[in-house]
Amino acid sequence: KAASPSQKPAAAPATSRSAPPPRLLASPMAKRLAGMHDVDLGTLTGSGPHGRIRMRDVLAAVDAGAQAPASAATTAPSAAAPRPLPADAEPLSPMRSRIATAVSLSRQTIPSFVLDRWIDTAAVARARSMLGPDLEQSGGVKLTFTDFLLQALADCLAQSPRMLVRYAGEGGQPALIRSQSVDIGLVVAVEDGVMIPVLRDLAGKSLASIAGARQAAVQRARSGRLSQADAEPASMSLSNVGRAGADRFEAIIQPGESSIIAIGREHEKVVPRAGGIAVSSGINATLSVDHRLIDGVTGAGFLGNLADRIELGPWSAH
Numbered sequence: 004k005a006a007s008p009s010q011k012p013a014a015a016p017a018t019s020r021s022a023p024p025p026r027l028l029a030s031p032m033a034k035r036l037a038g039m040h041d042v043d044l045g046t047l048t049g050s051g052p053h054g055r056i057r058m059r060d061v062l063a064a065v066d067a068g069a070q071a072p073a074s075a076a077t078t079a080p081s082a083a084a085p086r087p088l089p090a091d092a093e094p095l096s097p098m099r100s101r102i103a104t105a106v107s108l109s110r111q112t113i114p115s116f117v118l119d120r121w122i123d124t125a126a127v128a129r130a131r132s133m134l135g136p137d138l139e140q141s142g143g144v145k146l147t148f149t150d151f152l153l154q155a156l157a158d159c160l161a162q163s164p165r166m167l168v169r170y171a172g173e174g175g176q177p178a179l180i181r182s183q184s185v186d187i188g189l190v191v192a193v194e195d196g197v198m199i200p201v202l203r204d205l206a207g208k209s210l211a212s213i214a215g216a217r218q219a220a221v222q223r224a225r226s227g228r229l230s231q232a233d234a235e236p237a238s239m240s241l242s243n244v245g246r247a248g249a250d251r252f253e254a255i256i257q258p259g260e261s262s263i264i265a266i267g268r269e270h271e272k273v274v275p276r277a278g279g280i281a282v283s284s285g286i287n288a289t290l291s292v293d294h295r296l297i298d299g300v301t302g303a304g305f306l307g308n309l310a311d312r313i314e315l316g317p318w319s320a321h
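If you read the sequence shown in the working numbering, its first letter stands for residue 4, the second for the next number, and so on.
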C-alpha cells in the first residue's frame with residue numbers, strides 16, 4: 004500500500020557516538036604553561052607548523068590577559084578569588100612576566116645539575132690583540148671576548164653530538180630531538196630584562212663571521228625585533244656577564260633547551276704551574292645541563308674539551 008501524502012518516511016536512527024573532537028596540536032611546554040596560567044588552548048592560534056601551539060603563543064596570551072581591563076564577570080566576587088595584592092605592590096612589566104614564567108617553568112620541569120671549571124684566558128688575550136685590529140679595519144666589526152667563546156663552543160659542540168639534543172615529551176612519551184646544526188642562543192641584557200637571540204649554523208665559522216652574527220643578534224634583541232628563527236630553540240645558550248662583577252654564577256636553562264653555560268668576569272687567580280705557583284687571568288665556566296638527556300661524564304668531558312680549546316686555540320680569523 005502506497006504511503007499517503009501526510010505520512011513521512013521514518014527518520015534514520017541517530018548514532019550513539021558523536022564525532023571525536025579535533026586533535027589539538029600543542030607542545031608539552033605550551034600545555035604545561037597553559038595549565039599554570041589557566042589559558043584555554045582551544046582559543047589560541049598556533050604559530051608552529053600546521054598550527055601547532057608553542058610556548059611563546061601561550062606567553063603572548065598571558066601577556067594579553069595581564070594587560071586587558073577586568074570585565075564585570077571577572078571582577079565578580081568568588082569563593083576562590085585570589086587575595087588582593089598589597090597596596091604598595093607593583094605589577095611586573097610584560098618582559099619581567101615572561102622571564103618569571105620561563106624561569107619558573109624551567110625549575111619545575113628540568114632536572115638539572117651543574118659543572119664548573121676555571122679556564123685560563125691568556126691565549127685569548129694574545130689572539131685578540133693580534134687579530135682584532137686587522138678584523139676591525141677590514142670588516143668593520145670589533146672582536147669581543149664573547150666571539151672567542153662562541154667559536155670555541157661551536158667547535159666543541161660540533162665534536163660532541165651528545166650535547167646537541169633537546170628533550171621532547173609528546174603524549175607522555177619521553178624522547179629526544181637531535182639538532183642538525185650547531186646553534187647557540189646568546190643571552191643579551193636589555194632594559195628591564197634579557198632576550199635570547201639564536202646564532203645559527205656556527206660550526207666551522209670564522210671569528211669574523213661569528214662577530215658579524217653576534218653583532219646582528221645583539222641589535223635584534225636590543226631593538227625588540229627578534230626574528231622567527233630566534234623563536235626556534237637551540238640546544239645550548241651562552242650567558243656572559245662580562246665585567247659586571249660576578250666571578251661565578253649559575254644560569255637557568257631556557258625551556259626547550261638542554262644546557263646553558265655561564266661565564267663569570269675575567270679575573271686573576273693563583274694557579275700551580277711547573278711545580279711552582281703563578282698568577283693567571285681566567286674565567287669560571289659553569290655548565291648547567293638537563294640530566295634527562297646528559298650525564299655527568301658527558302657534561303664533564305665537554306667542559307674539559309672547551310677548556311682545552313680556549314686555552315690552546317687555534318683561532319680561525321677568516
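Glycine included, every Cβ here is placed at the ideal spot set by N, Cα and C.
query = Which same chain residues, not among the five before or five after G40, have their C-beta less than 6 Å away from its C-beta?
reply = Within the sequence shown, residue 40 is the residue found at index 37, counting from 1. Checking the sequence, you will find His at residue 40 rather than Gly. Counting only Cβ-Cβ distances below 6 Å, and skipping sequence neighbours, we find V65.
message = What residue range does the alpha helix (DSSP H) around M133 cover?
response = Here residue 133 refers to the residue found at position 130 of the sequence shown. Where M133 is concerned, the enclosing alpha helix (DSSP H) stretches over 125-142.
Sequence-distant residues of the same chain with beta carbon closer than 7 Å to A237, five excluded per side = In the sequence shown, the residue the question calls residue 237 occupies position 234. If we look at A237 and ignore the five residues flanking it on each side, its Cβ neighbours are D186, I187, G188, V201, E260.
key: Separation of I297 from S50, as counted between CA atoms   = In the sequence shown, residue 50 corresponds to position 47, counting from 1. In the sequence shown, residue 297 corresponds to position 294, counting from 1. Rounded to whole angstroms, S50 to I297 spans 29 Å at the Cα level.
ask   = Near N243, what residues of its chain come up, given a Cβ to Cβ distance below 6 Å and the 5 sequence neighbours on each side ignored?
value = Start at 1 with the first residue of the sequence shown, and residue 243 comes out as number 240. Closer than 6 Å at Cβ, skipping near neighbours: T149, I266.
message = Short of 6 Å in beta carbon distance, which residues of its chain neighbour S262, apart from the five on each side in sequence? Order them along the chain.
response = Locating residue 262 in the sequence shown gives position 259, where the first residue counts as 1. The beta carbon of S262 lies closer than 6 Å to those of M239, V292 in the same chain, with the five residues before and after it left out.
ask   = Assuming V144 contacts G215 under a Cβ cut-off of 8 Å, what Cβ separation, rounded to an integer in Å, is found between them?
value = In the sequence shown, counting from the first residue as 1, residue 144 sits at position 141. In the sequence shown, counting from the first residue as 1, residue 215 sits at position 212. Indeed they touch by this definition, with Cβ atoms about 5 Å apart.
ask   = Based on Cα-Cα distance, which residue from M32, Q162, P97 lies nearest to P258?
value = Residue 258 sits at position 255 when you count from the first residue of the sequence shown. The option with the nearest alpha carbon to P258 is M32.
query = How long is the line joining the alpha carbons of M166 and T112, rounded to whole angstroms?
reply = Here residue 166 is taken as the residue at index 163 of the sequence shown, counted from 1. Here residue 112 is taken as the residue at index 109 of the sequence shown, counted from 1. Each residue's Cα considered, the two are about 19 Å apart.
query = Once you ignore the five residues that flank R57 on each side, which residues in its own chain have a CB closer than 7 Å to its CB?
reply = Taking the first residue of the sequence shown as 1, we reach residue 57 at position 54. Correct list, in chain order: S30, A33, G49, S50, G51.
ask   = Below 8 Å between beta carbons: does that hold for S284 and T147?
value = Here residue 284 refers to the residue found at position 281 of the sequence shown. Here residue 147 refers to the residue found at position 144 of the sequence shown. For S284 and T147, no; Cβs fall outside 8 Å.
task = Under 8 Å by Cβ, that's how I've got A171 and L179 pegged, so tell me the actual separation to the nearest angstrom.
result = Indexing the sequence shown from 1 puts residue 171 at position 168. Indexing the sequence shown from 1 puts residue 179 at position 176. Their Cβ separation, rounded to whole angstroms, is 6 Å, which keeps A171 and L179 in contact under 8 Å.
ask   = Taking just the CA atoms, how far does R86 sit from P94?
value = Counting from one through the sequence shown, the residue named residue 94 turns up at place 91. Counting from one through the sequence shown, the residue named residue 86 turns up at place 83. Those two C-alpha atoms are separated by around 15 Å.
Three-state secondary structure (DSSP) of A157 = As a position in the sequence shown, residue 157 is number 154, starting the count at 1. Correct three-state label for A157: helix.
key: Alpha carbon of M198 to alpha carbon of A67, nearest angstrom   = Numbered from 1 along the sequence shown, position 195 holds the residue referred to as residue 198. Numbered from 1 along the sequence shown, position 64 holds the residue referred to as residue 67. Rounded to the nearest angstrom, the two C-alpha atoms are 19 Å apart.
Residues near G54 by beta carbon distance below 8 Å, same chain, minus five either side = Start at 1 with the first residue of the sequence shown, and residue 54 comes out as number 51. Around G54: L28, T48.
key: Terminal residues of the alpha helix (DSSP H) in which M98 lies   = The count along the sequence shown starts at 1 and reaches residue 98 at position 95. Element bounds for M98: 97-112.
S238 - partner residues in DSSP beta bridges = Here the question's residue 238 lines up with position 235 in the sequence shown. DSSP output for S238 lists no bridge partner at all.
request  = Taking only the alpha-carbon atoms, compute the straight-line gap between R131 and Q231 and give it to the nearest angstrom.
outcome  = In the sequence shown, residue 131 corresponds to position 128, counting from 1. In the sequence shown, residue 231 corresponds to position 228, counting from 1. Approximately 33 Å between the Cα atoms of the pair.
ask   = If you draw a straight line from the alpha carbon of G316 to that of W121, how long is it in whole angstroms?
value = Against the sequence shown, residue 316 aligns to sequence position 313. Against the sequence shown, residue 121 aligns to sequence position 118. Those two C-alpha atoms are separated by around 16 Å.
Straight-line gap, R203 to E235 (C-alpha atoms, nearest Å) = Reading the sequence shown from its first residue, position 200 is the one you call residue 203. Reading the sequence shown from its first residue, position 232 is the one you call residue 235. Those two C-alpha atoms are separated by around 10 Å.
ask   = Below 8 Å between beta carbons: does that hold for S184 and A206?
value = Translated into positions along the sequence shown, residue 184 becomes position 181. Translated into positions along the sequence shown, residue 206 becomes position 203. Yes.
task = Identify whether G188 lies in helix, strand or coil by the three-state DSSP scheme.
result = In the sequence shown, the residue the question calls residue 188 occupies position 185. Looking at G188 - three-state DSSP - the assignment turns out to be strand.
key: Three-state class that DSSP yields for T289 in the structure shown   = The sequence position of residue 289 within the sequence shown is 286, counting from 1. Strand at T289.
inquiry  = Going by beta-carbon coordinates alone, are L290 and L152 separated by less than 8 Å?
reply    = Numbered from 1 along the sequence shown, position 287 holds the residue referred to as residue 290. Numbered from 1 along the sequence shown, position 149 holds the residue referred to as residue 152. Going by C-beta atoms, L290 is not nearer than 8 Å to L152.
message = Let me check one thing: in DSSP terms, what residues is M198 bridge-paired to?
response = As a first step, residue 198 must be located in the sequence shown, where it is residue number 195. V191, per the DSSP bridge assignment.
query = Going by Cα to Cα distance, which pick from P164, A247, G45 is closest to R26?
reply = The sequence position of residue 26 within the sequence shown is 23, counting from 1. If we check each option's Cα against that of R26, G45 comes out closest.
request  = Can you grab the Cα-Cα spacing for the pair R295 / P114, in whole Å?
outcome  = The residue you call residue 295 lines up with position 292 of the sequence shown. The residue you call residue 114 lines up with position 111 of the sequence shown. So the two alpha carbons sit approximately 7 Å from each other.
8 Å Cβ cutoff, I266 in contact with chain D = Reference to chain D is not applicable here, since this structure consists of a single protein chain.
request  = Starting from the C-beta of A303, find all residues in its chain whose C-beta is less than 7 Å away, skip the five residues before and the five after it, and write them out in chain order.
outcome  = Within the sequence shown, the letter at position 300 stands for residue 303. The answer, listed in chain order, is L118.
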